[in-house]
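>
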Amino acid sequence: MTPESQTGRPDRAALSASAPAIELKGISKAFGPVQANKDISISVKRGSIHGIIGENGAGKSTLMSILYGFYKADTGQILIGGQETEIPDSQAAIAAGIGMVFQHFKLVENFTVLENVILGAEDGAMLQPSIAKARELLTQLAQEYELNVDPDALIENLSVGHQQRVEILKALYRQADILILDEPTGVLTPAEADHLFRILRGLRDEGKTIVLITHKLREIMDVTDTVSVMRRGEMVATVNTDETSPEELAELMVGRKVLLRVDKAPAQPGDSVLEIADLRVTDEKGVDRVKGVSLNVRAGEILGIAGVAGNGQSELMQVLGGMRTGSGTIRVNGAPIDLSGARANGQARRELGIAHVPEDRQREGLIMEYFAWENVAFGYHHQEKYQRNRWLMDNRALRADTEAKMEKFDIRPPLPWTQAKSFSGGNQQKIVVAREMESDPDLLLVGQPTRGVDIGAIEFIHQQIVALRDQGKAILLVSVELDEIMSLSDRIAVMFDGQIMGERSPTETNEKELGLLMAGMTGDA
Amino acid sequence: MDFLTVLQILDSTIRLATPLLFACLAGLFSERAGIFDIGLEGKMLAAAFFAGAIAYTSGSVWLGMLAAIAASVILSLIHGLASITFRGNQLISGVAINFLAAGLTVLIAQDWFRQGGRTPSLSGDARFNNIQLPFAETLEPVPVIGPIYAELISGHSFLVYVGLLSVPFTWWLLFRTRFGLRLRAVGENPAAVDTAGISVIRLRYIAVLICGILCGLAGAYLSTGLQAGFVKDMSAGRGFIALAALIFAKWRPWYALYATLLFGLLQAIAIRFQNVDIGTFTVPVQFMEALPYILTVVILAGFVGKAIPPRAGGEPYVKER
């Protein structure tokens, strides 16, 4: 199925079929004092899907960057198809048959699919022959692997799922035998992820070798044949997927027992804190996003809103957080709040005792260029305790406060003078969570609390949310992770197309029933 | 206004648009590759001086042109060194080049020629002569077509034709060749180019080099084509007008031609009609001469539609981990 080789590199298929597709021997890499990879050896069988799992910062990405020629290992050997191979740059990796699908796609947004596919792999000085060749190959691949994308579409008009397919097509166009995918499902809907896995299985069955880097246990269990676990730069285990369990992998990743289920006592709901009646939201393009939602959340309970991304949950949270206007009534502690006037802003909401952990921490939750101590107070910085006198803020008090929060929420590194962008995803989220929870709110809005956060931090954030509930606070949780909704919520509301499809108790429902509701099917009356 | 007047205005439009066109295309190559260049003005000025100076001393306009290109390319490489290799701020580097050129040209001119910062007037082979296209004289008596051919199309200097031909060539290079695809990609998403195994730095240097060559031609045309010799600050903001034209043209070669012709037309009108009487009111000459600059401000203020610059423009490329 691959086009004829025109690069004149050795025919890899002729190499011993029994040799592993990739073999790493004793790879080490240090960045200054930080040992990112310590003496790593793995062997990946040809025609298999191999998972590499580990927390953020465990060294997965460094290892793959070495394999793709971004970094040179300090020591160690790389064998591709049984032959020792030097990979000084991406060109060499491509020539060795390695293709990489990055977490953040490397696509030119206003180029067509075809232009992106041939970029860097053109056959001659003129574009036309390469374009024609790529068009033919794309048609062929679309049929073989469900990799269909409109070859003439601009990347910016494609969904992320389709953009990812373009990345895979790029690798296949370069005749990659080994495909490395870095956190491929982070941006995909569950349906898109399933589609991706079908593509990967198809490629494996054709003899391609797939390396899947992820921190999601479920994906590893679903799609891989073998899995390697990394922790703090070391490869701690390699096992066959069908001989392990999520619990065992989680323990290997974190180095201690991890509770995948949240341990919590039954809720003791008190008075109603949040009452939403017939809320409607229309977005900038005039599309109705929220169509008459009514909900209430009582003190001491967590209401989880499940749903596929883009069904109005974001807009609901934004109206509650004062970031967007809407119509209808929302009462907090019995008093109606302003939905479209001068008091419909984040500041006014905070004064009402509403704290908000927004869905997109990098754009809405933090100022990435600011230091941790600035971010930790932001929005609450005008409070009396942070003022030195009438005109000046008390930055020392702010920093002392930050240090306390960093300790309590285990934010690493615990250095107030660190820019938000320098923290890992999990620690960025902890900064936002610390700020909002420590403001002692009556109502906490939490959007996607663990998106892109590693497993140890997920456990911690979940525990904090439950602890806040047990203090008698009302919590509204929105998440696209059904597991998270199931394990945290005391009640679950399912949102589809701007409406609440139904409410369920987590103990009396299952993922299948919720899945149907999320797809807009009510089933019963 | 008679037909001949219109022709004369259009004729001078083409001549006045030529330096703008070269500079605009120069900016197009640079900015399409992600390097913003507000040093077009300075490069043009330096090129104009060296073209004038070398053409005068050697008596050959071709040597002058080569000197212009060399001077402009050197400034381009300084800009490249600062903004590509050392990942400096492209605006500051561009401003520095403008100051450098404005000061150095006058200083060197005074040192060499002692004429108050100008070169002596050029004549003969030290200037670009106008090229009479074949049959220009034969066709001239033919009504309408004749004068258009003889006045408007024929009788320009070599560089005018080079400029006009550069437009389709640039289009072809950008949109039909591998080099063009990579050049556009590096201005939009250098990471995509890098991961495809192509050197971002090399591509950007090539773009900056082409920019230097084109600015060199723009400057050479100023002092040896449009006028006969270099005078202080003779680029007169044309580099900035070219930048405005580039935005107006949305970084596309054919639009760049139209935009620079529009600016050329305004300049031509200002030269032709020094004072315009509207009823009893006389529009002052200063206003007419300010027209191209007013249009520049209007365009830069964003009144003319939405222009999306290359997305990686102005950003030095740093490999991410």
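Just so you know, the sequences run in chain order C and A.
At position 172 of the first sequence the residue is numbered 172 (our numbering), and the sequence of numbers has no breaks.
At position 136 of the second sequence the residue is numbered 1136 (our numbering), and the sequence of numbers has no breaks.
Just so it is clear, CB atoms sit at the ideal spot from N, CA and C, and this is done for glycine as well.
Restricting to Cα atoms, I'd like to know which of A:ALA1192, A:GLY1225, A:GLY1117 is closest to LEU1159 (chain A).
Residue 1159 (chain A) sits at position 159 when you count from the first residue of the second sequence. LEU1159 (chain A) has its Cα closest to that of A:GLY1225, out of A:ALA1192, A:GLY1225, A:GLY1117.
> Could you tell me which residues DSSP pairs with ILE492 (chain C) in its beta bridges?
Here residue 492 (chain C) refers to the residue found at position 492 of the first sequence. ILE492 (chain C) is bridged to C:GLY304, C:ARG504.
> Could you say which of C:ARG491, C:ILE475, C:ASP205, C:THR112 lies nearest to HIS356 (chain C) if we only look at CA atoms?
Residue 356 (chain C) sits at position 356 when you count from the first residue of the first sequence. Among C:ARG491, C:ILE475, C:ASP205, C:THR112, the Cα nearest to that of HIS356 (chain C) is on C:ILE475.
> Helix, strand or coil for SER1123 (chain A)? Go by DSSP, reduced to three states.
Against the second sequence, residue 1123 (chain A) aligns to sequence position 123. The answer is coil: DSSP assigns SER1123 (chain A) none of H, G, I, E or B.
> Just verifying my parser: in three-state terms, what is the DSSP assignment at LEU1262 (chain A)?
Stepping through the second sequence from its first residue, residue 1262 (chain A) is reached at position 262. Correct three-state label for LEU1262 (chain A): helix.
> Expressed to the nearest angstrom, what Euclidean distance is found between the alpha-carbon atoms of GLY1117 (chain A) and ASP1111 (chain A)?
Here residue 1117 (chain A) is taken as the residue at index 117 of the second sequence, counted from 1. Here residue 1111 (chain A) is taken as the residue at index 111 of the second sequence, counted from 1. Rounded to the nearest angstrom, the two C-alpha atoms are 8 Å apart.
> Starting from GLN347 (chain C), trace the alpha helix (DSSP H) in both directions and tell me its first and last residue.
Within the first sequence, the letter at position 347 stands for residue 347 (chain C). Here the alpha helix (DSSP H) through GLN347 (chain C) covers 346 to 351.
> Quick check on PHE1099 (chain A): buried or exposed, where buried means 16 or more other Cβ atoms within 10 Å of its Cβ?
Numbered from its first residue, the second sequence carries residue 1099 (chain A) at position 99. Residue burial annotation: PHE1099 (chain A) is exposed, with fewer than 16 other C-beta atoms found within 10 angstroms of its C-beta.
> The beta strand (DSSP E) that contains PHE31 (chain C), what's its start and end?
For this step, residue 31 (chain C) is matched to residue 31 along the first sequence. Run containing PHE31 (chain C): 22 to 31, per the beta strand (DSSP E) assignment.
> Hey, could you find the ends of the alpha helix (DSSP H) MET253 (chain C) is sitting in?
Counting from 1 along the first sequence, the entry for residue 253 (chain C) is found at position 253. Taken as a continuous stretch (DSSP letters only), the alpha helix (DSSP H) holding MET253 (chain C) covers 246 to 254.
> What do you get for THR329 (chain C), buried or exposed, if any count of 16 or more other CB atoms within 10 angstroms of its CB means buried?
Translated into positions along the first sequence, residue 329 (chain C) becomes position 329. So THR329 (chain C) ends up on the exposed side.
> Please identify, using Cβ separations under 8 Å, the residues of the region 114 to 138 of chain C that lie next to chain A, in order along the chain.
Taking a C-beta cut-off of 8 Å against chain A, the contacting residues of the region 114 to 138 of chain C are GLU115, ASN116, ILE118, LEU119, GLY120, ALA121, GLU122, GLY124, ALA125, MET126, LEU127, GLN128, SER130, listed in chain order.
> Note the first and the last residue of the continuous alpha helix (DSSP H) segment covering LYS170 (chain C).
Against the first sequence, residue 170 (chain C) aligns to sequence position 170. Unbroken alpha helix (DSSP H) run through LYS170 (chain C): 160 to 173.
> Looking only at C-alpha atoms, which of A:LEU1133, A:GLY1163, A:LEU1164 sits nearest to TYR1149 (chain A)?
Within the second sequence, numbered from 1, the residue matching residue 1149 (chain A) stands at position 149. The shortest Cα separation from TYR1149 (chain A) among A:LEU1133, A:GLY1163, A:LEU1164 belongs to A:LEU1133.
> Mind checking the region 90 to 112 of chain C against chain A and listing, in chain order, the residues whose C-beta falls within less than 9 Å of any C-beta there?
So the close ones are SER90, GLN91, ALA92, ALA93, ILE94, ALA95, MET100, PHE102, HIS104, PHE105, LYS106, LEU107, VAL108, GLU109, ASN110, PHE111.
> Taking C-beta pairs closer than 8 Å, name the residues in chain C that ASN1189 (chain A) reaches, listed in chain order.
Here residue 1189 (chain A) refers to the residue found at position 189 when the second sequence is read from its first residue. The contacting residues are LYS106, LEU107, VAL108, GLU109.
> For LYS1232 (chain A) and GLN175 (chain C), what's the separation of their Cα atoms in angstroms?
On the second sequence, position 232 is the one that residue 1232 (chain A) refers to. On the first sequence, position 175 is the one that residue 175 (chain C) refers to. Cα to Cα, the separation comes out at about 59 Å.
> Note down the Cα distance separating ARG261 (chain C) from VAL254 (chain C), rounded to an integer number of angstroms.
Within the first sequence, residue 261 (chain C) is the residue found at index 261, counting from 1. Within the first sequence, residue 254 (chain C) is the residue found at index 254, counting from 1. The alpha-carbon atoms of ARG261 (chain C) and VAL254 (chain C) are separated by roughly 15 Å.
> Can you round the beta-carbon distance between ILE87 (chain C) and GLY69 (chain C) to whole angstroms, since I take them to be within the 8 Å contact cut?
Along the first sequence, one-based indexing puts residue 87 (chain C) at 87. Along the first sequence, one-based indexing puts residue 69 (chain C) at 69. Confirmed, about 4 Å.
> Is there a Cβ from chain C that is less than 7 Å from the Cβ of ARG1272 (chain A)?
Position 272 of the second sequence holds residue 1272 (chain A). Cβ-Cβ to chain C under 7 Å: no for ARG1272 (chain A).
> Note down the Cα distance separating ARG135 (chain C) from GLU1315 (chain A), rounded to an integer number of angstroms.
One-based indexing of the first sequence puts residue 135 (chain C) at position 135. One-based indexing of the second sequence puts residue 1315 (chain A) at position 315. Spanning the two alpha carbons is a distance of roughly 33 Å.
> Taking DSSP as the reference, what is the three-state secondary structure of ALA457 (chain C)?
Here residue 457 (chain C) is taken as the residue at index 457 of the first sequence, counted from 1. Helix, per DSSP.
> Over what stretch of residues does the alpha helix (DSSP H) that includes GLU206 (chain C) continue unbroken?
Locating residue 206 (chain C) in the first sequence gives position 206, counting from the first residue. No alpha helix (DSSP H) contains GLU206 (chain C), which DSSP labels as neither H nor E.
> Please tell me whether GLY426 (chain C) and VAL453 (chain C) are closer than 7 Å, where the distance is taken between their beta carbons.
Taking the first sequence and counting its residues from 1, one reaches residue 426 (chain C) at position 426. Taking the first sequence and counting its residues from 1, one reaches residue 453 (chain C) at position 453. In this structure, VAL453 (chain C) lies closer than 7 Å to GLY426 (chain C) by Cβ.
> Check distances from the C-beta atoms of the region 1192 to 1222 of chain A to those of chain C and list, in chain order, the residues that come in under 8 Å.
ALA1192, VAL1193, ASP1194, THR1195, ALA1196, GLY1197, ILE1198
> To be precise: take each residue of the region 1161 to 1181 of chain A, compare its Cβ to all Cβ atoms of chain C, and keep it if any distance is under 9 Å. Which residues remain?
Hits within the stretch, in order: PHE1175, ARG1176, THR1177, ARG1178, PHE1179, GLY1180, LEU1181.
> Nearest by alpha-carbon distance to GLY292 (chain C): which of C:LEU279, C:GLN313, C:THR62, C:ILE492 is it?
Numbered from its first residue, the first sequence carries residue 292 (chain C) at position 292. Of C:LEU279, C:GLN313, C:THR62, C:ILE492, the residue nearest in Cα terms is C:LEU279.
> Per DSSP, VAL1276 (chain A) forms a beta bridge with which residues?
Numbered from its first residue, the second sequence carries residue 1276 (chain A) at position 276. DSSP, once it has assigned bridges, lists A:VAL1283 as partnering VAL1276 (chain A).
> Does the CB of ALA1136 (chain A) have a neighbour CB from chain C at under 7 Å?
Along the second sequence, one-based indexing puts residue 1136 (chain A) at 136. With 7 Å as the cut-off, ALA1136 (chain A) does not count as an interface residue toward chain C.
> Which partner residues of ALA355 (chain C) appear in the DSSP bridge assignment?
Mapped onto the first sequence, residue 355 (chain C) falls at position 355. According to DSSP, which records beta bridges pairwise, ALA355 (chain C) is partnered with C:LEU444.
> Please confirm whether ARG469 (chain C) and ILE302 (chain C) have their CB atoms less than 7 Å apart.
By one-based count along the first sequence, residue 469 (chain C) stands at place 469. By one-based count along the first sequence, residue 302 (chain C) stands at place 302. Yes. Within cutoff.
> Can you tell which of C:ASP74, C:ILE168, C:ALA519, C:GLN318 has its C-alpha closest to the C-alpha of PHE102 (chain C)?
Here residue 102 (chain C) corresponds to residue number 102 of the first sequence, with the count starting at 1. Of the listed residues, the one whose Cα sits closest to PHE102 (chain C) is C:ILE168.
> Could you tell me how far apart the beta carbons of LEU1246 (chain A) and ALA1236 (chain A) are, in whole angstroms, since I believe they sit closer than 8 Å?
As a first step, residue 1246 (chain A) is located in the second sequence; it is residue number 246 there, counting from the start. As a first step, residue 1236 (chain A) is located in the second sequence; it is residue number 236 there, counting from the start. With a Cβ gap of about 18 Å, LEU1246 (chain A) and ALA1236 (chain A) do not count as contacting.
> By the criterion of Cβ-Cβ separation under 8 Å, what are the contact partners of ALA1150 (chain A) in chain C?
Translated into the one-based positions of the second sequence, residue 1150 (chain A) becomes position 150. Simply none; closest approach about 38 Å.
> Measuring only the C-alpha atoms, how far is TYR1317 (chain A) from ALA1082 (chain A)?
As a working mapping, residue 1317 (chain A) is identified with position 317 in the second sequence. As a working mapping, residue 1082 (chain A) is identified with position 82 in the second sequence. Straight-line Cα distance between these residues: approximately 13 Å.
> Would GLY498 (chain C) pass as a contact of GLY310 (chain C) if the rule is Cβ separation under 7 Å?
One-based indexing of the first sequence puts residue 498 (chain C) at position 498. One-based indexing of the first sequence puts residue 310 (chain C) at position 310. Annotated as distal: GLY498 (chain C) and GLY310 (chain C), with beta-carbon spacing of 7 Å or more.
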